[in-house]
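Visitor:
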Amino acid sequence: MKKLNDPLDWIGKDTEDKASVIDINIDEIIVNEQIRNKENVLKDIDELTESIKEFGVNQNLLVMRNNNKDNEYFLIAGERRLEASKRAGLNSVPCLVKNIKEEDILIYQLLENIQRKDLSKPELANVYKQLKEKGLTIRQIAEKIHKSKSYVQEILSICEMPEELKEKITGSTIKKAIEISKIKDEQEKKKLIKNYDSITAGEVKNKRNNLDTNKEENNINLNKDNKEEWGNYKERDQRFNKAVKENYSIIQTDIDHFNDTHTDIKIDIRFDIIDSYFGTDNIVAIYAKDNATASKFIKYLNKFKIKGDE
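In the working numbering, the protein residues as written are 91 to 400.
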């Protein structure tokens, strides 16, 4: 009787559903890139080798035929058993030969490893990413592995994390790593990664909330300062734009020189910004390190005869 809700039931449904168990020469089995890294493949391999020497291979390997070459098979699942069988001196291994669609191979490997629970979360994230690249949606991935969409999305978020954070992820939960990855301040993020084992997910979340609150308050003050600074130009936007555009080549040369000689401060000027916050739809946008620098630059622009009274 077939087990209900077996996550492997769907494999091979759209192919000729024929399978047979035969002994296959080890030299005829081709190992393509597998999900598991070599470290996991070799984990406890000596113990498995001794078991195979004494009792033989007690679980069939899964393979599919190479339709382009006789007597050649591609390994789908069972890389550790194959490696241990080689070390045990076996010439052949029992294999289940099954027709599997190429796009299902990766999923089958994933599900087999999930059942053994020996994939790390970063490895799992990489597999989900590969499945997405093969065209599967998050919903389809979730349905095939009998997990929720939110679970799949959570695991996929690991792909966007820095490598040093991925290396810290152990066990069944990644909440703490997710909270750290959401912190935009790179210096704070590095500190939290360094102290990963001594902090909790809740502490990281509180830290992130405090940082976001402080940033929001700073942005409010910055916007207020900018509004006051730009307010001086509200009545002469068109004249300001025209003067800057006409003298842009000179201004840009000065900007380049300024940026080359001040490595810690950068100035940029753009004409393609529409910013209704300042009550205008036709302004020149000035980008600077801080308000003081922007103010100095605006005063510099005044030498091009763009003062309101002139």
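C-beta atoms are modelled at their ideal positions from N, C-alpha and C, and glycine is treated no differently.
Cβ of L221 within 8 Å of Cβ of I245?
Guide: Cβ atoms of L221 and I245: not closer than 8 Å.
Visitor: Looking at A215: is its Cβ nearer than 8 Å to the Cβ of I248?
Guide: A contact, by the Cβ cut-off of 8 Å.
Visitor: In terms of alpha-carbon separation, which member of D194, Q277, P212, M154 lies closest to C185?
Guide: Checking every option, the nearest Cα to that of C185 belongs to M154.
Visitor: Count the other C-beta atoms from every protein chain shown that fall within 10 angstroms of the C-beta of G168, then say buried if there are 16 or more, exposed otherwise.
Guide: So G168 counts as buried.
Visitor: Would DSSP call L172 helix, strand or coil?
Guide: Helix at L172.
Visitor: In this structure, how does DSSP classify I273 when only helix, strand and coil are distinguished?
Guide: DSSP places I273 in coil when its eight states are reduced to three.
Visitor: Indicate the three-state DSSP secondary structure (helix, strand or coil) for Q252 in the structure shown.
Guide: According to the sequence displayed, residue 252 carries Pro and not Gln. Coil.
Visitor: Given this structure, state the Cα-to-Cα distance separating L112 from S141, to the nearest angstrom.
Guide: The question names Leu, but residue 112 is Ile in the sequence shown. Taking the straight line joining both Cα atoms gives about 21 Å.
Visitor: Applying the criterion that 16 or more other CB atoms from any shown protein chain within 10 Å of the CB defines a buried residue, is E229 buried or exposed?
Guide: Reading off the sequence, residue 229 comes out as Arg, not Glu. That one is exposed.
Visitor: How many angstroms separate the CA atom of L255 from the CA atom of N150?
Guide: Near 37 Å, if we compare the C-alpha coordinates of N150 and L255.
Visitor: Taking only three categories from DSSP, how would you classify A167?
Guide: The answer is strand: DSSP assigns A167 an E or B state.
Visitor: Does the distance from the CB of N115 to the CB of N156 come in under 8 Å?
Guide: Not closer than 8 Å, so no.
Visitor: Tell me, which residues are paired with R155 by DSSP?
Guide: Answer is Y163.
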